[in-house]
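Colleague: Chains as they are written, first to last, in the numbering used here: chain A, 1 to 563; chain B, 564 to 1126.
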C-alpha cells in the first residue's frame, strides 16, 4: 500500500529480494541452504560457532508462506461498512497478503512463529487513513464498537510491540501509516521539518539532502522503520551520542486519540507545565496514533570520520569511555565490543581488514582486548580539536588506535545484522538481542549479571550460548549495553527456550540496576516488568492517562501496561 | 529555619542586609531615599528614564514590616496537633515571622502587595519535614483533613507559584524544604549527585568544588532559589545554551504525593514507556512535593571566557545567532540585547567600561546596534576551535567584536537586577519582567507583538513604558526572549496597571506563536492561558494525573491548572 518497500513476511529485507525470496519460499532462486550459510559465514566462523555452541549446522527453513495458517477476519460487518464509509473500500482490507504483512514484528519470537506457519496474532483488517482527521475518526469509531487498534509503521518491533493481544479477545485492526509518509513543511531557519509518521529514514534523508540537511537518526532498523515508530518507541540511533536520542529530535507531534486530537510540543522549549510531549513519546500506540511529527534537522556534517581503537580489556575500555563521557569528549558514535563480540566480529568477517586487525591486536597484546569504534561528525576544525583531546585521554588509559579501516568497515556493515540473522535461523540457531542501560558505576555489574543469567539459562551439558555485548549510546551519566545471543536452538520448544533466557536476563539486569529497555521499548515482551521498572504508582499514573484518552481500552492494549 | 540566608520579606536580598534593612523598615541604616536612588542610578540614567517614561522620581517606600496585616492562623487545632505528632512542635510553626517569610514569591504583584502591607495570601502554618517519609505523611494527613499544601523552596517565584489560592478557601500550610538541603551522595564516575530539594545553588557549588565539579545552573535567582524549585518550575540558567535547561540536569527525583511516593528517572536513559520524570518536572507542587533529586554534574570548565560583540541591528543579530544555532556553534552563554536594552544598559552603568563601549558602538556606526554577550566554557583547545568558527560566521554577518571587558562586566552583574528593582520600586516605578520562547522563524513577530502590546497598554498621554528585550537561551530550533518593562507607576491602581499590561502581552505573544513561558513557569499568573497553551484535552490529561495522585486536590491548587 506504500511506495516504500515492504518487509518480507518471515524475516528481514525487502519483500521480493533475493534473501527474502528464499525465506518466503516464493519465487525461489537457485540457492541451496548450504550455499546460503557458506555465503553468510566464513569457514572459520562456522567452525568456531560449532565448537563454542555445541551446534550442528542443519537446515531449518521456514514453512512456505502459502502454508501459514490464517483465521478468517473477525471484523464485524457493520464496523467494516462504517470504516469503508470513512476511508473508502481500498483503504479497508482484509485480504491474506495485507493481513500477513502486518502480523507482529521482527523479534526472534515473531520470526519463530512466522517461520513455523503461525499467524494467530494477525489483525482482522488493515486500514490506511490519509490524515489526522481520518485517523481520529477511525479511533472514535473503533472505540464505540470495541475494536482494538494497533498502529503499524515499519513493522520492525523486536519486543512484541504489534502483538494485538487483548484480554477481551476483541477484533483487531491495524492502522497502517503508509499513506501518511510525506514531508509536509520545512522551516530551514528553525531547523524543523514536519513529516508524516509513516515516512522512513531513507526517504526523509533523501528529501533533506537537497537542502544540505540531515536528520541523522540511524538505528539498525533504519531501512524499514518509520519516523512515527521511532517516536512511539523512544528509539536511539547509532549516532545518538552525538545527535541525541529520537526523543531529542522531536520538537512536536500530533497524537490522534479516541477522544480527540492532541497537539504537543512548543519548540524550542517551554516551562508551561509538565512535558506532555514526553507522554506521547514511548506511548507505543497505547494512547492513540501519532499522525504528524516536527523533527529537528541539522546541516549535513562537513566531516564524518570513523576509526577503530582497541582497549586492553573490557574494564579498561569502560573506564576510558567513562572518562571521555565525564569530560564531554565522547564522539558522535561510540561502540565498545567486549572480548566475545570482538573475537566473533573478527571471525565472522573474512576480509583482509579483519585479518589485519587480528594481527594488530595480537601485536599489541590485546589478544583479550576489545574493539572500539568511534565516529566523529561536524566541522573539520572542531572535530580535530575534539579528536585530539579524546585521543590523548584514550592513550593515557592504554588504548591503541587501529586506524580508519576498522571504523569504516563497521560503518559499511551497520545495517547488516538482521539479514545475517535470517540465515542463521535457517540453520538451527537461536539468535536474539536484548539491551539495557545503566550508570557508569552500575554498568560492570549489569554486564556480569546479564551474561551469567543467559549462560545459566541457555547452557546445557554439551552446549553453551555465545553472549556478545557492546556498549553504545554514551551519556555523561552512563551508557547502554547491547547483547547478542547465539545458541543451539531447541527445535522442539524454541519459544520456551528463549522466553526462559529472556526472563532470567531481565530479572538479572533489573536487579543489578539496569533499565528494562534503553531503546527497544516495552511492547508485549517487557510488560511483565513494567511495574518493577516504574513502580505500582507509576503504572497507575500511566493508566490514568490512558483511561482519559482511551476510555474503552482499544489502543494497542497488549503492550506497555501490565495486563 | 534553614542555615541558608532567607530573603527579605518585601524585596530581594538576604534578610538583615543593608538594602533589606531599608526595605524591611527594620534596623534602618542612615540612608535617605534620595541617596539610595542616586546610588543605584547614575545621573544620566535618571534623566533618561525621567524623560523617556514621563516619570517623576518620588519616594514610595514600603510600609514597615510591623504594619503588614496578618490574619490569625486558620489551621484547625486537631490538624495542628496531628502535625506536631508527626514532625515535632519545632517543625510546625504559626508565628508571624515564619508565616510572613513564606508568603508569596517575588513577582512585581507580590512586592506591590507586600510593600503596601497586604499579606492576605499568607499560609496558616509553616511545616519543616525532615525527609521523604515525613513529607509523604504530611501530605496524606493534609489530604485526609482537607488542608492545602504549598511547597516552599527559596520563595523566588515570579509568577505567583506560591499563591496558596484555593477555590474552597481551605486552610493552607507551607512545606518548607529548608531541612532537606544536604548532599546525600556523589557518584563521580557517573557524574551524578543526590541532593535534598531545599539546597541552593551556592551551597551545592561549594560542595562540588572540592571534587573539581560543578552543576553550572545559574539563573538570576541563583543566590536564593532551591534545586527543588528549579525542577518544579523547569528553570533555565544563564548558561543553558551550553549546559542545558534544568530539565536536562535532572536524572531522577523522588516525588512525595498524598497517595504515595514516586521514584522517577532511569539514568542515563530509558525507553521503558513514556517519561514519567517529565511529569514531575514543571508540576509546580500540584502533584506533590519533590523530596530528593539526582542531578548531572560536570568537571569545572578549564576555561571560561566572556566577550562582548555588537551587531548592526536587532534583525542582523537574530540572523547571525540563528546561523550559529543551525551550525551547532552557539556558545554556552548567549545574550543579545535589543537597541532599547543596549542603550539602557549603557546608561544604567557609570563605569569606564560603559563609556568606552558607547564610544566603540558609535565608531562602528552601531549607534542603533545591539550588544551581544557570549560566554564560552570548556577545554581550551575545543573552546578555541568553537570560538574561531563562530567568530568567522559572526563577522560574515556584520557583527563586531568588542572584547572581553564588556563580557566580564555583564558576568559580574549577572545577579544584580532584582536588587536594583527594589530601589526603583522605592521611587514610583513599575518594574517587571516577562519571557517567552519561539522558533527562529517566529521570533521577530513575537518580539514586535509583545513590545506593541506593552506600549499600547502602559502608554499614556505624557508617558510611555521602556520595553527592553534580550534574546537568551539559544537552541537549534529557536530561542527565548526576556522582556524588562519600566513605567511610571499608577500609584492608585498599581496591580491593575500591570495586570492589564501582562494580559495584553500574553495574548499577543501566544497569538504570534510564542510559548506561555520559557522558564518562569505557570504559577497563578499564567494559568488563565494554560488551556490555550496545551489545549483543553492537554489540560484534561494533566488533571487526570493530578486526580490520581492528589484526589482531594490539596497540592498547590492555585497554580498551573485552570481553576
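Beta carbons: idealized from backbone N, C-alpha and C, even for Gly.
(1) To the nearest angstrom, how far is the alpha carbon of residue 498 of chain A from that of residue 66 of chain A?
(2) Does residue 16 of chain A pass the burial test, meaning 16 or more other C-beta atoms within 10 Å, or should it be called exposed?
(3) Return yes when the Cβ of residue 762 of chain B is within less than 8 Å of the Cβ of residue 788 of chain B, no when it is not.
(4) Assign residue 1032 of chain B to buried or exposed, taking buried as 16 or more other Cβ atoms, counted over all protein chains shown, within 10 Å of its Cβ.
(5) For residue 801 of chain B and residue 782 of chain B, what's the separation of their Cα atoms in angstroms?
(6) Rounded to whole angstroms, how far is the Cβ of residue 812 of chain B from the Cβ of residue 274 of chain A, which I believe are closer than 8 Å?
(7) Tell me which residues of the segment 870-885 of chain B have at least one Cβ-Cβ distance to chain A shorter than 9 Å, keeping chain order.
(8) With a threshold of 8 Å between beta carbons, is residue 395 of chain A in contact with chain B?
(9) Going along the chain, which residues of the segment 426-451 of chain A sit with their C-beta nearer than 7 Å to a C-beta in chain B?
(10) For the putative contact between residue 251 of chain A and residue 1000 of chain B, defined by C-beta atoms under 8 Å, what is the C-beta separation to the nearest angstrom?
(11) Using the Cα positions of residue 205 of chain A and residue 945 of chain B, report the straight-line distance between them to the nearest angstrom.
(12) Are the CB atoms of residue 163 of chain A and residue 558 of chain A nearer to each other than 8 Å?
(13) My output table needs one value for residue 747 of chain B: the three-state DSSP class, helix, strand or coil.
(14) Tell whether a beta-carbon distance below 8 Å holds between residue 668 of chain B and residue 724 of chain B.
(15) Nearest by alpha-carbon distance to residue 686 of chain B: which of B:662, B:604, B:935, B:804 is it?
(16) So, residue 830 of chain B versus residue 233 of chain A, is the Cβ gap smaller than 8 Å?
(17) Out of curiosity, what's the CA-to-CA distance linking residue 886 of chain B and residue 893 of chain B?
(18) At a CB-CB cut-off below 7 Å, which residues of chain A make contact with residue 1066 of chain B?
(19) Which first and last residues belong to the alpha helix (DSSP H) in which residue 705 of chain B is found?
(20) Could you confirm whether any beta carbon from chain B is found closer than 8 Å to the beta carbon of residue 525 of chain A?
(21) Pull up the distance between the alpha-carbon of residue 589 of chain B and that of residue 835 of chain B, whole angstroms please.
(22) Look up residue 48 of chain A in the DSSP assignment and say whether it is helix, strand or coil.
(23) Could you name the residues of the same chain whose beta carbon sits closer than 8 Å to that of residue 57 of chain A, not counting the 5 residues immediately before and after it, in chain order?
(24) In chain B, which residues lie with their C-beta within 7 Å of the C-beta of residue 388 of chain A?
(25) Rounded to whole angstroms, what's the CA-CA distance from residue 88 of chain A to residue 81 of chain A? Just pull it up for me.
(26) At the level of alpha carbons, what is the spacing between residue 339 of chain A and residue 52 of chain A?
(27) Answer with yes or no whether the minimum CB distance from residue 565 of chain B to chain A is below 8 Å.
(28) Write down the C-beta distance between residue 309 of chain A and residue 402 of chain A rounded to the nearest angstrom, noting that I regard them as a contact closer than 8 Å.
(29) Across which residues does DSSP place residue 438 of chain A in a beta bridge pair?
(30) 8 Å is my cut-off, CB to CB: does residue 157 of chain A come that close to chain B?
(31) For the segment 253-268 of chain A, enumerate the residues whose C-beta is nearer than 8 Å to any C-beta of chain B, in chain order.
(32) Could you tell me the boundaries of the beta strand (DSSP E) in which residue 256 of chain A lies?
(33) Go through its chain and collect everything with a Cβ distance to residue 433 of chain A's Cβ below 6 Å, but skip five positions before and after it.
(34) Here's a check: name, in chain order, each residue in its chain whose Cβ is nearer than 7 Å to the Cβ of residue 586 of chain B, leaving out the five neighbours to either side.
(35) Under 7 Å between beta-carbons, which chain E residues line up against residue 419 of chain A? List them in chain order, please.
(36) Grouping DSSP H, G and I as helix and E and B as strand, with all else coil, what is residue 290 of chain A?
Modeller: Quick look at the numbers:
(1) If I take the Cα positions, the gap works out to 27 Å.
(2) Residue 16 of chain A comes out exposed.
(3) The answer is no: Cβ separation not under 8 Å.
(4) Taking every protein chain shown into account, the CB of residue 1032 of chain B has 16 or more other CB atoms within 10 angstroms, so this residue is buried.
(5) So the two alpha carbons sit approximately 5 Å from each other.
(6) Contact check for residue 812 of chain B and residue 274 of chain A: beta-carbon distance about 17 Å, past the 8 Å limit, so the pair fails to qualify.
(7) Residues are counted here when their Cβ sits less than 9 Å from a Cβ of chain A; for the segment 870-885 of chain B these are 882, 885, given in chain order.
(8) Taking Cβ atoms only, chain B never reaches closer than 8 Å to residue 395 of chain A, which makes this a no.
(9) Listed in sequence order: 437, 439, 440, 441.
(10) Your pair residue 251 of chain A and residue 1000 of chain B does not check out as a contact, with CB atoms roughly 12 Å apart and the cut at 8 Å.
(11) When the Cα atoms are used, residue 205 of chain A and residue 945 of chain B turn out to be separated by approximately 29 Å.
(12) When the beta-carbon positions are compared, residue 163 of chain A and residue 558 of chain A come within less than 8 Å of each other.
(13) Of the three classes helix, strand and coil, the one that applies to residue 747 of chain B here is strand, per DSSP.
(14) Yes, the Cβ-Cβ distance between residue 668 of chain B and residue 724 of chain B is below 8 Å.
(15) Minimum Cα distance to residue 686 of chain B is reached at B:662.
(16) Against a cut-off of 8 Å, the Cβ pair of residue 233 of chain A and residue 830 of chain B comes out as no contact.
(17) Annotation: residue 886 of chain B to residue 893 of chain B spans about 9 Å, alpha carbon to alpha carbon.
(18) Chain A residues near residue 1066 of chain B: none, gap ~16 Å exceeds 7 Å.
(19) In the DSSP assignment, residue 705 of chain B falls within the unbroken alpha helix (DSSP H) covering 695-708.
(20) Not closer than 8 Å to any Cβ of chain B, the Cβ of residue 525 of chain A fails to qualify, so no.
(21) The predicted model places residue 589 of chain B with a pLDDT of 40, which falls under 50 and marks its position as unreliable; any figure quoted below should be read in that light. For residue 589 of chain B and residue 835 of chain B, the distance between alpha carbons rounds to 55 Å.
(22) In the three-state reduction of the DSSP assignment, residue 48 of chain A falls in the helix class.
(23) For residue 57 of chain A, where only same-chain residues beyond five positions count, the Cβ hits under 8 Å are 37, 46, 50, 427, 428.
(24) Contact annotation for residue 388 of chain A against chain B: 944 [CB-CB distance below 7 Å, chain order].
(25) Note on geometry: alpha-carbon atoms of residue 88 of chain A and residue 81 of chain A lie some 9 Å from one another.
(26) The straight-line gap from Cα to Cα measures roughly 14 Å.
(27) Residue placement at residue 565 of chain B is poorly supported in this model, since its pLDDT is 46, which falls under 50; the coordinates are not used for a value here.
(28) Contact between residue 309 of chain A and residue 402 of chain A holds: their C-beta atoms lie close to 6 Å from each other, under 8 Å.
(29) The partner list for residue 438 of chain A (beta bridge, DSSP) reads A:479.
(30) With respect to chain B, the C-beta atom of residue 157 of chain A has no partner C-beta closer than 8 Å.
(31) From the segment 253-268 of chain A, only 257, 259, 260, 261, 262, 263, 264, 266, 267, 268 have a Cβ closer than 8 Å to chain B.
(32) Residue 256 of chain A -> beta strand (DSSP E) spans 250-257.
(33) Taken in chain order, the residues that qualify are 484.
(34) Summary for residue 586 of chain B: the model assigns pLDDT 39, below 50, so the residue's position carries little reliability; its value from the coordinates is reported in the next sentence. Within the same chain, residue 586 of chain B has close Cβ partners 571, 573, 574, 625, 985.
(35) Given the protein chain composition of this structure (A and B), no chain E is represented.
(36) Here residue 290 of chain A carries a strand assignment [DSSP, helix/strand/coil].
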